[in-house]
């Protein structure tokens, strides 16, 4: 039995997102401040594994950016996002079966940053992540051998940089899945900041899409002249 190409893409997004999100609470509890290392490397591994099937988004913000740039149709964007959010929620449940329902979740530390500062943190590093994905996956340098590491190391660096302020999500699916499961376990306070982890990443990916359109020439092909006519 084989899946259709469209179903294969959705399943690849589900599996990759599931394993990536599962790593986040387990690594956070297992190695503490070093959690960005396994998280970044897992994202790189999943990107190398499933990039050729689905593009390895694993993130609604990345899917949104690729849609804005005309790389995928609206229908695919919709099903990718549903798959990613469902995978993140189930991965968080799976993680809670291992470490307990009170799993670590992204949350804004108001003792360190204001809401607007948290938005700026999540937005700028989602901008960085979406920019990397667009330029290594879709520009003239696509089909390279480093794209997975570039994406994984961006998340690793971003998590070290601002993880202490916002939890370092840069991904609405991560925030949605972990915060909902955390609330099931009695920790509903982070849901106050739920909207930040949608508005900021989508805003960052939108800005990255604009920057990509401005900076990249998109493999424009010179017109062919034949018998005085231009085609």
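Numbering (the UniProt record's numbering), first residue to last: 1 to 231.
Beta carbons: idealized from backbone N, C-alpha and C, even for Gly.
- By the Cβ criterion, the segment 129 to 148 is not in contact with the segment 109 to 117, since fewer than three pairs of Cβ atoms, one from each stretch, lie closer than 8 Å.
- Taking the Cβ atoms as the reference, residue 126 lies roughly 18 Å from residue 190, outside the contact range of under 8 Å.
- Between residue 26 and residue 99, the beta carbon gap of about 7 Å places them in contact (Cβ cut-off 8 Å).
- The Cβ atoms of residue 184 and residue 101 lie closer than 8 Å to each other.
- In this structure, the alpha-carbon of residue 4 lies about 19 Å from that of residue 84.
- Around residue 117, the same chain offers 165 as residues with beta carbons nearer than 8 Å, after the five sequence neighbours per side are excluded.
- Taking a contact as a CB-CB distance under 8 Å, the pair residue 155 and residue 134 does not count as one, their CB atoms being some 15 Å apart.
- In summary, residue 171 is buried, with 16 or more beta-carbon neighbours lying within 10 Å of its beta-carbon over all protein chains present.
- Non-local C-beta neighbours of residue 211 in its own chain, meaning closer than 7 Å and more than five positions away in sequence, comprise 131, ordered along the chain.
- Between residue 41 and residue 163, the alpha-carbon positions lie close to 16 Å from each other.
- Along the segment 43 to 125, the alpha helix (DSSP H) occurs as fully enclosed runs of 4 or more residues at 60 to 68, 74 to 99, listed in sequence order.
- Judged by DSSP in its simplified three-state form, residue 137 adopts helix.
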